[in-house]
Amino acid sequence: MSNLLIPDSAIVREVFHENDDTSTFTLQFTDAQKRLEYTFRPGQFNMLSIFGVGEAPISISSSHDNRENFTHTIRHVGSLTRMFGKLKVGDLLGVRGPYGNGWPFEQAQGKNLLIVAGGIGLAPLRPAIYYILRQRELFGKVELLYGAKNPGEMLFRHEYSKWAAHLSMLLTVDDAAGFDWNHNQGLVTGLFDKMESVPENTVVLSCGPEIMMKHVTKGLLARGFQSGQLYVSLERKMHCGVKKCGRCQVGSKFVCHDGPVFAYDVLENEPAEIIGVLGRE
Amino acid sequence: MLQEDHPLVKSAGTVSLPAAELKEFVAALMQKFPVIAPILKGREYVFAQLEDAAQLADDYQPTILPAKKVLQQPLETVFSFVRQEAFAEDGKCTSLGEERICFVDHGAAVQKKVLFGVRPCDVNSFNVLDEVFCKDLPDPFYCQSRQETLIVAQNCVKPCRSGFCYYQQTGPGLQRGYDLLLTELDNAYLVEAGSDAGRELLALHPFAAAAPEMSLARDELLAATSRRLPKHILTRNLAELLEENVDHPVWEDLQRRCLGCGTCTMVCPTCFCYNVYDKLDLGLESGVRQREWDSCKLMEFSQVALGHNFRKGRQARAQWRIYHKLLYQQRQFGKTGCVGCGRCIYSCMVNIDLTDVASTLGGE
Ligand SMILES: Cc1cc2nc3c(=O)[nH]c(=O)nc-3n(C[C@H](O)[C@H](O)[C@H](O)COP(=O)(O)OP(=O)(O)OC[C@H]3O[C@@H](n4cnc5c(N)ncnc54)[C@H](O)[C@@H]3O)c2cc1C
Ligand code: SF4
Ligand code: FES
Chain B
1 MSNLLIPDSA IVREVFHEND DTSTFTLQFT DAQKRLEYTF RPGQFNMLSI
51 FGVGEAPISI SSSHDNRENF THTIRHVGSL TRMFGKLKVG DLLGVRGPYG
101 NGWPFEQAQG KNLLIVAGGI GLAPLRPAIY YILRQRELFG KVELLYGAKN
151 PGEMLFRHEY SKWAAHLSML LTVDDAAGFD WNHNQGLVTG LFDKMESVPE
201 NTVVLSCGPE IMMKHVTKGL LARGFQSGQL YVSLERKMHC GVKKCGRCQV
251 GSKFVCHDGP VFAYDVLENE PAEIIGVLGR E
Chain R
1001 MLQEDHPLVK SAGTVSLPAA ELKEFVAALM QKFPVIAPIL KGREYVFAQL
1051 EDAAQLADDY QPTILPAKKV LQQPLETVFS FVRQEAFAED GKCTSLGEER
1101 ICFVDHGAAV QKKVLFGVRP CDVNSFNVLD EVFCKDLPDP FYCQSRQETL
1151 IVAQNCVKPC RSGFCYYQQT GPGLQRGYDL LLTELDNAYL VEAGSDAGRE
1201 LLALHPFAAA APEMSLARDE LLAATSRRLP KHILTRNLAE LLEENVDHPV
1251 WEDLQRRCLG CGTCTMVCPT CFCYNVYDKL DLGLESGVRQ REWDSCKLME
1301 FSQVALGHNF RKGRQARAQW RIYHKLLYQQ RQFGKTGCVG CGRCIYSCMV
1351 NIDLTDVAST LGGE
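Top line first, the protein sequences correspond to chains B and R. Residues in the first sequence are numbered from 1 upward in steps of one, following my numbering. Residues in the second sequence are numbered from 1001 upward in steps of one, following my numbering.
This is the structure we're talking about:
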C-alpha cells in the first residue's frame, strides 16, 4: 500500500511578491512523470510541506491549462506560512494533491457568474477566472467583485486590465489613505448596489473570510438570490487533506473532501454553534 | 462453495475449549504470532503484547484505552527524511543540484499479529474505523495493520461497569468481524470461527467438539447480560432530538461542567482525529513527520491562522463531541459513532454522561 501521506517534491521556479505579506510561488514537480500526470480543477488545493516545519492546505492559484508548472499564492500569517515567505528560487518543498472538489463549473455552464472575493480569497478564484476567460462563450454575463483592506493588498493587480476586457469588475477597499485610488471604498457587500448581476440564471462563487461570506450570502439572499445558487469556499484546519485526520469537519461534512466549495443550502440549516458563522443562528 | 454463515460451515468451525486450557491455547498462538491481549496493570486493564500466557486477564473490565490503539497507534511516524547524500537505500530520494532529500516510508513494515480477548464493542469500533481509514484513499498505517491482525474476540457474559452496547446493537454478543469468538460458559469456552484464518487457528490446539447445548447456554448468558447492563441509551428518534435541540439547556449545563480535558476522546474507540507535526534533529539535516491522537475537546483543535477558532466555546466543543458521536458519524459512514463501551462515562472526572444527555433531550 503506497503511503499517500508522503509528498512529491517540487522546486520553486519563481517568487513574486504580491504585497507585504503575500507571495505567489511558481512550482514545478522534480519528477518528469509526475509533471505529466498531474492535473487539477479550479478551486482545488494542495498540501504544501516544508520538511521539518510542517504542512498546510493552500489553494492552487494558476490556470489548470498550464501542465508544466503551477502557482500558489500564500499569505504569511503563522509559523509555517512565514517560512514559505523565505523560500527562494531553487528551493525544494513537498506537494501532495490535488484535493477537494473545486468550483461547480458543471452547474455554471451556460449561466451568468457573479464572483465575490475578499483578500486572499481571490487566490482560489483565479483559476476559475482563467477557466472562464479561456472559454468565455460557455458563460453569460460574468462579474467580479473584489474587496481588500487597501489598494496595496489587492492580489494579481497586473492582470486586472486583461480580465476587464472579458468580464465586469468592481473593486473596493476598506481604506485608501495614501493611495491613488479611483475605485470604491467600503465593504465588498457595498458593491451589491452597483453590480449588474441579477438572480436570474446566475451562479455565485465566493471566497474570503467567513464573516465576509456570511454578509455576502445574507446580502444576496435579500436581493432575491436562492441559497442553492450561492457557492462558498471554506477554510478549516487540515492535517491530512484526505478525510482521515478529522480536523476539517463541519457537521457531517469534511471540508477537505466534500468541499472546500459548498452550495450554501448545504450549510444554512446546520447550527452555527456547530459549523460556524455560516450556519443557522 | 458454501457461504460463510451456512450452518454446516459454521458448525465445522465451532469447538469447545476447557477453561483450564485457555492459556495453553494462548501459548500456542504466541509460538506463531505476537499476541496482544488485556493484562492487569496497577488496578486497570491495558492491551499489551504478552510475554507470558499467564499475564492474560481473561475476565476483565474494559481497558482504559480502547483496542483501536493497536491499529491506530497513539503516536506514529509517517515518514522520515534526510537532506544528505548517503542515505538508506530503501528510501525515495529527490536530487536537485546541490540539494538532495530522501524519504523513508514508515507505513510499510507491518507484522502479522493476534489481538486476543477483544470485546464486542471494540470489535465494532474497528468496523467504524474501517470506514474512516480504508475507504477512498486508504491510510497505509491503519489498513495494513488491520489486514495483518487476527481478531480473537470475547463475548461479554457479565455486564461491565458502564456499558450500554445492547442499545447500540454492538454487544454483548458479537455478530461479525472476528476470526475467532470466545464465550465463557461454566467450565469451558465455546469457540467459534468467523473466517478461514480463524479456522486455521483452530489447528493450533486439540479442541474438543462443542456440545449443541453450548450455543443455547451462550444465547441465554448474553441475553442475561443485556438485561443487566448498567446503562441504557435512548435511541428512538435520537437523531431528530439532536437536530431539534441545538439550543437545549442541557448544552449550557455541559459547558459549565466540562473541564475540556479531552479524556473522553482519548478513551473513545471510534474517535479517529489526529494531529501532525514535524520534528527536526539538532543538525537540521534530518527529521520526522509524526502524527498523534488529538481531541476536539482541546482549544487548539479547530484554530486556524490568525487565531480564529470555529469552535471556540467549551459549549461548542462539548456539544460537538456528542453530535459527532451520536449523529454525524452515522451520517458520514453509515455506522454509529458510539459503540456503547461506556469508557467516556467511566473516565470523566465530572461525570458527564452522554446517555444522560440523550435521556434529557428525550424528556426522560
Ligand atoms: C482549502 C484551503 C485553502 C487555502 N488556501 C490558501 C491560499 O491559497 N493561500 C493562503 O495564504 N492560505 C490558504 N489557506 C489557509 C492556510 O492553510 C493557513 O493560513 C495556514 O494553514 C496557516 O498555517 P501556519 O502554520 O502558517 O499558521 P499557524 O502558525 O498554524 O497558525 C497561525 C497561528 O498563529 C497565531 N497567529 C499567527 N498570526 C497571527 C496574528 N496576526 N494575530 C494573532 N495570531 C496570529 C494564531 O495563534 C494562529 O492559530 C487555505 C486553507 C484551506 C483550508
Ligand atoms: S466530558 Fe469529561 S472527560 Fe470529556 S473533556 Fe469534558 S471533563 Fe474531560
Ligand atoms: S483535512 Fe484531515 S479530515 Fe479533512
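Yeah, the Cβ is synthetic: ideal placement off N, Cα and C, and Gly gets one too. Quick caveat, the model's predicted, so the values are computed rather than measured.
Task: First and last residue of the uninterrupted beta strand (DSSP E) at residue 1279 of chain R - done: Residues 1274 to 1280.
Task: Distance between residue 78 of chain B and residue 1306 of chain R (C-alpha atoms, nearest Å) - done: Confidence in residue 1306 of chain R is poor, its pLDDT being 48 and thus under 50, which makes the residue's placement unreliable; the coordinate value appears in the next sentence. C-alpha separation (whole angstroms): 7 Å.
Open item on the list: Spatial neighbours of residue 1006 of chain R within its chain, please: C-beta separation below 6 Å, excluding the five flanking residues on both sides.
Closed with: Annotation note: pLDDT 43 at residue 1006 of chain R (below 50); position unreliable, coordinate value reported separately. Excluding sequence neighbours, residue 1006 of chain R sits near nothing in its chain.
Task: Collapsed DSSP secondary structure at residue 1243 of chain R in the structure displayed - done: helix
Task: Reference residue 114 of chain B; option with closest CA among B:189, B:256, B:44 - done: B:189
TODO: May I ask you to list the residues that DSSP assigns as paired with residue 1293 of chain R?
DONE: R:1274
TODO: Find the nearest neighbour of residue 1354 of chain R within the set R:1073, R:1336, R:1325, judged by alpha-carbon distance.
DONE: R:1325
Task: residue 153 of chain B - containing alpha helix (DSSP H), residue span - done: Careful: residue 153 of chain B lies outside any alpha helix (DSSP H) and carries neither H nor E.
Task: residue 1002 of chain R in three-state terms, based on DSSP - done: Annotation note: pLDDT 40 at residue 1002 of chain R (below 50); position unreliable, coordinate value reported separately. Coil.
TODO: Could you tell me if the beta carbon of residue 238 of chain B falls within a distance shorter than 6 Å of some heavy atom in ligand 1?
DONE: yes
Task: Coil, strand or helix - residue 1061 of chain R by DSSP - done: coil
Open item on the list: Below 8 Å, how does it come out for the stretch 102 to 110 of chain B and the stretch 261 to 276 of chain B: are there three or more Cβ pairs, yes or no?
Closed with: yes
Task: Cβ of residue 5 of chain B within 7 Å of any chain D Cβ - done: Protein chains B and R are contained in the structure displayed, whereas chain D is not.
Task: Extent of the continuous beta strand (DSSP E) run through residue 74 of chain B - done: 70 to 75
Open item on the list: Going by beta-carbon coordinates alone, are residue 172 of chain B and residue 147 of chain B separated by less than 7 Å?
Closed with: yes
Open item on the list: Suppose only complete runs of 3+ residues qualify. What are the beta strand (DSSP E) ranges in the stretch 1139 to 1211 of chain R, listed by chain order?
Closed with: 1149 to 1154, 1180 to 1184, 1188 to 1193
TODO: Write down the C-beta distance between residue 265 of chain B and residue 227 of chain B rounded to the nearest angstrom, noting that I regard them as a contact closer than 8 Å.
DONE: 4 Å
Task: For residue 127 of chain B, three-class secondary structure by DSSP - done: helix
Open item on the list: Counting only beta-carbon separations shorter than 7 Å, does residue 1126 of chain R have a partner in chain B?
Closed with: no
TODO: Pick helix, strand or coil for residue 1233 of chain R, following the three-state DSSP scheme.
DONE: coil
Task: Identified DSSP bridge partners for residue 50 of chain B - done: B:54
TODO: For residue 1284 of chain R, return the contacting residues in chain B, with the cut-off set at a CB-CB distance below 9 Å.
DONE: 52
TODO: Alpha carbon to alpha carbon, how far is residue 1059 of chain R from residue 81 of chain B? Give it in angstroms, no decimals.
DONE: Roughly 52 Å separates the two Cα atoms.
Task: CB contact below 7 Å: residue 1087 of chain R versus chain B - done: The pLDDT assigned to residue 1087 of chain R is 47, lower than 50, so where the model puts this residue is not dependable; a value taken from the coordinates is nonetheless given after this. No, residue 1087 of chain R lies away from the interface with chain B (no Cβ there is under 7 Å from its Cβ).
TODO: Just the chain B side, please: which residues come within less than 9 Å of residue 1156 of chain R by C-beta, in chain order?
DONE: The contacting residues do not exist; residue 1156 of chain R stays about 29 Å from chain B at best.
TODO: Say whether the stretch 1224 to 1236 of chain R touches the stretch 1196 to 1207 of chain R, bearing in mind that this needs 3 or more beta-carbon pairs closer than 8 Å, one atom from each stretch.
DONE: No, they do not touch.
- [ ] For residue 1305 of chain R, decide whether its Cβ has a neighbour in chain B, counting only Cβ atoms nearer than 7 Å.
- [x] Its pLDDT being 48, under 50, residue 1305 of chain R is placed unreliably in this model, and the coordinates cannot settle the point.
Open item on the list: Could you check whether the Cβ of residue 1273 of chain R sits closer than 6 Å to any heavy atom belonging to ligand 3?
Closed with: no
Open item on the list: Considering only heavy atoms of ligand 3, does any lie closer than 6 Å to the CB of residue 1043 of chain R?
Closed with: Not so, every heavy atom of ligand 3 lies at least 6 Å from the Cβ.
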